[in-house]
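Notes follow once the structure below has been shown.
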Amino acid sequence: MGIETNFEVVSAVLSAEPISVDQAIRAVESDTAGAVVSFSGVVRNHDDGKAVDRLSYSAHPTAHQVMSDVVAQLVAEHSGEAAQPVRIWAAHRIGMLEIGDPALVCAVAAAHRGQAFAVCSELVDRVKEQVPIWKEQFFSDGTVEWVGAGE
Numbered sequence: 547m548g549i550e551t552n553f554e555v556v557s558a559v560l561s562a563e564p565i566s567v568d569q570a571i572r573a574v575e576s577d578t579a580g581a582v583v584s585f586s587g588v589v590r591n592h593d594d595g596k597a598v599d600r601l602s603y604s605a606h607p608t609a610h611q612v613m614s615d616v617v618a619q620l621v622a623e624h625s626g627e628a629a630q631p632v633r634i635w636a637a638h639r640i641g642m643l644e645i646g647d648p649a650l651v652c653a654v655a656a657a658h659r660g661q662a663f664a665v666c667s668e669l670v671d672r673v674k675e676q677v678p679i680w681k682e683q684f685f686s687d688g689t690v691e692w693v694g695a696g697e
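This is the structure we're talking about:
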């Protein structure tokens, strides 16, 4: 017998295609949602005082399943907390990204803003902490750095 929950995972994926906040918001909006909270982590042009030209994200072969599991665990831990539906959308890019491209996008729709903010914040933190994705940064000076590898 499954857990009864008003949480719905609309999407929890890794994507080689562009992702956007607009896409996420459209996917989670509903007549029962009084709040839609979104997060977009974008590629910036600097890191630790060095100019960044672009990034490449690589994922472990299990990362797709881990992404799904991370969101499912969040839902399981919060089941029973919502009288109205809570809808979740999360995607992380893989592959080459340019400055300004969204790398991680999440959206949560809930009846009230407090729950939407809390769930979205926790979702972002868990994806960043648990999904095995590594970032290769290409700096303007020609150097390259891996972030997340070996952590």
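Residue numbers (this note's numbering): 547 to 697. Every residue, glycine too, gets a C-beta built ideally from N, C-alpha and C. What you are looking at is a predicted structure, and each value in this text was computed from that prediction instead of being measured.
>> Could you compute how far the alpha carbon of Leu669 sits from the alpha carbon of Asp568?
In response: 18 angstroms
> If Val559 sits next to Ala637, beta carbons under 8 angstroms apart, how far is it from one beta carbon to the other, in whole angstroms?
Replying inline: 5 angstroms
> Near Leu601, which residues of its chain fall below 6 angstroms by C-beta distance, leaving aside the five closest residues on each side in sequence?
Replying inline: Val589, Leu643, Lys681 and Gln683
> Can you round the beta-carbon distance between Val677 and Val616 to whole angstroms, since I take them to be within the 8 angstroms contact cut?
Replying inline: 6 angstroms
> Sorted by chain position, which residues of the same chain lie with C-beta nearer than 6 angstroms to Gly587's C-beta, five sequence neighbours on each side aside?
Replying inline: Ala649 and Leu650
> Which residues bound the beta strand (DSSP E) around Ile634?
Replying inline: Val632 to Arg639
> Which residues in the same chain have their Cβ closer than 7 angstroms to the Cβ of Gly548, if we skip the five residues on either side of it in sequence?
Replying inline: A caution first: Gly548 carries a pLDDT of 49, below 50, which makes its placement in the model too unreliable to give a value.
>> Assuming the contact rule is C-beta atoms closer than 8 angstroms, Phe685 and Ile634 should be a hit. Round their C-beta distance to whole Å, please.
In response: 35 angstroms between Cβ atoms; not a contact.
>> If you reduce the DSSP assignment to three classes, tell me which class Asp593 lands in.
In response: strand
> Leaving out the 5 sequence neighbours to the left and right, which residues in its chain are closer than 6 angstroms to Val665 when beta-carbon positions are compared?
Replying inline: Val654
>> Could you tell me the alpha carbon to alpha carbon distance between Glu627 and Tyr603, rounded to whole angstroms?
In response: 34 angstroms
> Can Ala656 and Val632 be called in contact, C-beta distance under 8 angstroms?
Replying inline: yes
>> For Ala573, report the span of its beta strand (DSSP E) as first-last.
In response: Taken as a continuous stretch (DSSP letters only), Ala573 belongs to no beta strand (DSSP E), being part of the alpha helix (DSSP H) at Val567 to Val574.
> Mapping DSSP to helix, strand and coil, what is Ser667?
Replying inline: helix
> Could you check where the alpha helix (DSSP H) with Val556 kicks off and where it finishes?
Replying inline: No alpha helix (DSSP H) holds Val556; the beta strand (DSSP E) holding it covers Phe553 to Ser561.
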